[in-house]
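Using this note's numbering, read the sequence shown as starting at 32 and increasing by one per residue.
This report refers to the structure that appears directly beneath it.
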Amino acid sequence: MREFIVEADGGSRGNPGPAGYGSVVRDAATGETLVERAEFIGTATNNVAEYRGLLAGLSAARELDPAARVHVRMDSKLVVEQMSGRWKIRHPDMRPLAMRAAAVLPAGQVTYEWIPRERNKHADRLANEAMDAGGRGERWDASRSAAERDAHGATVPGSPGPAGDEPAAAAASPSDGARAGADARAARNVAAAPPDLGAPTTFVLLRHGETPLTPLKRFSGSGGDDPVLSDVGRRQAELVAAALAARGTVQAVVSSPLARCRETAGTVAARLGLEVSVDEGLRETDFGAWEGLTFGEVREKYPDDMNAWLTDPEAAPSGGGESFAAVARRVAATRDALLATHPGRTVLLVSHVTPVKTLVRLALGAPPEALFRMELFAASLSAVAYFADGNASLRLLNETSHLR
Numbered sequence: 032m033r034e035f036i037v038e039a040d041g042g043s044r045g046n047p048g049p050a051g052y053g054s055v056v057r058d059a060a061t062g063e064t065l066v067e068r069a070e071f072i073g074t075a076t077n078n079v080a081e082y083r084g085l086l087a088g089l090s091a092a093r094e095l096d097p098a099a100r101v102h103v104r105m106d107s108k109l110v111v112e113q114m115s116g117r118w119k120i121r122h123p124d125m126r127p128l129a130m131r132a133a134a135v136l137p138a139g140q141v142t143y144e145w146i147p148r149e150r151n152k153h154a155d156r157l158a159n160e161a162m163d164a165g166g167r168g169e170r171w172d173a174s175r176s177a178a179e180r181d182a183h184g185a186t187v188p189g190s191p192g193p194a195g196d197e198p199a200a201a202a203a204s205p206s207d208g209a210r211a212g213a214d215a216r217a218a219r220n221v222a223a224a225p226p227d228l229g230a231p232t233t234f235v236l237l238r239h240g241e242t243p244l245t246p247l248k249r250f251s252g253s254g255g256d257d258p259v260l261s262d263v264g265r266r267q268a269e270l271v272a273a274a275l276a277a278r279g280t281v282q283a284v285v286s287s288p289l290a291r292c293r294e295t296a297g298t299v300a301a302r303l304g305l306e307v308s309v310d311e312g313l314r315e316t317d318f319g320a321w322e323g324l325t326f327g328e329v330r331e332k333y334p335d336d337m338n339a340w341l342t343d344p345e346a347a348p349s350g351g352g353e354s355f356a357a358v359a360r361r362v363a364a365t366r367d368a369l370l371a372t373h374p375g376r377t378v379l380l381v382s383h384v385t386p387v388k389t390l391v392r393l394a395l396g397a398p399p400e401a402l403f404r405m406e407l408f409a410a411s412l413s414a415v416a417y418f419a420d421g422n423a424s425l426r427l428l429n430e431t432s433h434l435r
């Protein structure tokens with residue numbers, strides 16, 4: 032009798048929110064992936080998506096061999112305990128799905144095991160691919176999937192090796208040969224694959240919407256007045272909220288303490304069904320005596336201080352403001368703390384020109400003068416992904432298409 036392993040997962044970006052599932056069917060003897068399934072299912076809860084993933088995996092296993100024994104592994108304690116009969120199913124949305132899953136194969140052929148999330152990466156990545164595709168208005172395409180590669184390394188189990196590289200044991204009996212071949216392929220995979228860094232932590236960087244000072248191009252930091260959004264800024268916040276809701280990827284919202292950011296963050300978070308947390312490290316530079324002045328006014332009143340500020344990152348604005356170097360140290364410490372708090376998640380940081388540019392500059396390893404070579408409009412989006420090995424990747428800069 033054949034034996035299959037089914038790994039399934041589902042997720043919802045908002046709970047309820049845009050949701051999808053992923054399922055994998057493996058050969059229990061060799062570990063070879065036989066079937067991958069994933070689908071964007073519209074708006075649903077995490078648990079409903081997990082049940083849909085289970086149902087898809089069991090159905091795929093039945094199509095391969097209706098007489099096979101199936102061992103289901105999921106990181107959903109709820110689904111595993113309910114399908115094992117130890118917990119009651121009270122939620123009306125899950126009860127019919129559980130009944131459908133129980134009817135796919137005879138109960139004696141299916142067993143269930145809870146596993147931690149890190150051991151369910153393949154199905155998790157399939158679910159996220161499906162949700163990403165749904166966010167683009169597309170269907171998940173198996174031919175374009177990178178889930179298995181991402182979950183297990185550069186070479187996937189069961190993939191052929193170089194020509195003529197099969198071990199001599201492959202000439203033994205079919206079962207022994209298959210086992211020896213699988214062992215040899217697994218050894219090559221371990222040697223060739225880079226370390227699994229897991230999902231990156233992604234910071235989506237949102238500059239706040241316009242205030243009355245923004246179109247006047249006046250210095251507006253954390254040391255002067257604390258302006259709120261203008262009517263234009265409030266409309267910008269609504270537009271970016273709609274765009275981020277359509278993408279469905281943000282899992283947490285963190286804001287600068289200044290009013291313009293908290294108002295922007297509140298509009299977005301309300302649309303996403305999330306709470307806003309405030310982090311002092313995301314506040315704008317303190318521009319000291321320059322607060323409320325234009326660049327030209329500062330150059331006229333404080334020419335020497337302005338020239339020093341433009342050429343030396345340690346130079347502070349007149350009147351005891353913050354230097355670019357001081358802001359960089361503050362922002363870097365905030366970045367590290369947020370990375371530790373939100374590993375593997377997508378977090379919206381609502382901040383200001385200098386902190387956002389600084390995060391981008393640090394991700395690129397660019398010098399301080401790079402700050403003057405970036406444009407950053409009000410309510411624009413940028414994004415940086417951070418990996419477990421310390422590397423970072425700039426994925427978006429000054430995106431404003433949602434405002435048009």
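Even glycine gets a Cβ: it sits at the ideal position worked out from N, Cα and C.
The structure displayed is predicted, hence computed values, not measured ones.
Less than 8 Å divides the Cβ of V415 from the Cβ of L425.
Using a Cβ-Cβ distance cut-off of 8 Å, the stretch 257 to 264 and the stretch 279 to 287 are not in contact, since fewer than three pairs of beta carbons, one from each stretch, lie closer than that value.
Between D343 and F326, the alpha-carbon positions lie close to 17 Å from each other. For the pair H153 and K248, the Cα-to-Cα distance works out to about 49 Å. Apart from sequence neighbours up to five positions away, the residues of its chain that approach L370 with a beta-carbon distance below 6 Å are T232 and Y417, ordered along the chain. A87 and T377 have their C-alpha atoms roughly 27 Å apart. Checking the DSSP bridge columns, you'll see P49 partnered with T74.
When rounded, the separation of the alpha-carbon atoms in P123 and R68 is 25 Å.
Taking the Cα positions, D163 is about 10 Å away from A50. Under DSSP, the beta-bridge partners assigned to R57 are I36 and T64.
A straight-line Cα-Cα distance of about 12 Å links A129 and A80. Here T389 is buried: its Cβ has 16 or more other Cβ atoms, across all protein chains shown, within 10 Å. In this structure, DSSP gives W321 a helical state, which the three-state scheme calls helix. The C-beta distance from V235 to V271 rounds to 10 Å, too long to meet the 8 Å contact threshold.
The beta-bridge partner set that DSSP reports for A416 consists of T233 and S424.
For the set G252, S251, F250 and P243, the Cα lying nearest the Cα of D262 is the one of P243. The three-state secondary structure of L379, taken from DSSP, is strand.
Counting only residues of its own chain and dropping the five nearest sequence neighbours on each side, Y82 has a CB closer than 8 Å to the CB of G41, V110, M125, L128, A129 and A132. Residues of the same chain with a CB within less than 7 Å of the CB of I120, apart from the 5 flanking positions on each side, are Q113, R126 and A129 in chain order. Per DSSP, R404 lies in no alpha helix (DSSP H) segment and is marked neither H nor E.
One thing to note: A177 has its Cβ no nearer than 8 Å to the Cβ of G53. Annotation for T76: S43, N46 and P47 place their beta carbon closer than 6 Å to its own, counting only its chain and skipping 5 residues before and after. W118 counts as exposed, since fewer than 16 other C-beta atoms from the protein chains shown sit within 10 angstroms of its C-beta. Just so you know, the alpha carbons of G252 and G62 end up roughly 57 Å apart. Annotation: the continuous alpha helix (DSSP H) that includes R360 extends over F355 to T372. For a cut-off of 8 Å, the C-beta gap from G240 to A409 is around 6 Å, short enough to register as a contact. Measuring C-alpha to C-alpha distances from R392 to each of A363, K108 and L380 identifies A363 as the nearest. When the five nearest sequence neighbours on each side are left out, the beta carbons in the same chain lying within less than 8 Å of the beta carbon of E406 are those of N429, in order along the chain. Between F71 and V56, the gap from beta carbon to beta carbon reaches 8 Å or more.
Taking a 10 Å sphere around the C-beta of L341, we find fewer than 16 other C-beta atoms and assign the residue as exposed.
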